Amino acid sequence: MGLDIRIPLGLIFLLIGGLMSVYGLITRHSADIYEKSMGINLNLTWGILMFLFGLIMYLVGRRQKWQDDPVNPRPWEKSAGPRH
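Going by my numbering, the first residue of the sequence shown is number 960, and it counts up by one from there.
Put into structure tokens, the structure is as follows:
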């Protein structure tokens, strides 16, 4: 059918979100790093959000496509042939 942009986009967000989350977990006890953000660990928070967004995008892109396709019909349409 073509390139589904959700798959590579989801993988990019999964990777970056995972890296940010790991960095946020490693540095969660460093108060001087998070002084500018009022003590909020933004790396962990946004890393988890980006990871979840990437996971949703990847899973939606990988799901089986139920489209009107004459070459690959839906499973319940395979047995039903042309009726004469």
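Backbone N, C-alpha and C fix where the C-beta goes; we use that ideal spot for every residue, glycine too. It should be emphasised that the depicted structure is a prediction, and the values quoted were computed from it without experimental measurement.
Are the CB atoms of residue i and residue j nearer to each other than 7 Å?
i       : j       : result
Ser980  : Leu1003 : yes
Thr1013 : Phe972  : For clarity, residue 1013 is Gly in the given sequence; the question names Thr instead. Yes, the pair counts as a contact, with Cβ atoms nearer than the cut-off.
Gly1020 : Asp963  : yes
Below 8 Å CB to CB, which residues in the same chain sit around residue i once its five sequence neighbours on both sides are set aside?
i       : result
Leu1011 : Gly976
Leu978  : Gly1006
Which same chain residues end up closer than 7 Å to residue i when comparing Cβ atoms and leaving out the 5 residues on each side of it in sequence?
i       : result
Gly983  : Asn1000, Asn1002, Leu1003 and Gly1006
Met1016 : Arg965, Leu968, Gly969 and Phe972
Ile985  : none
Quick one: what's got a C-beta closer than 6 Å to residue i's C-beta in the same chain, skipping five residues either side?
i      : result
Arg987 : Asn1000
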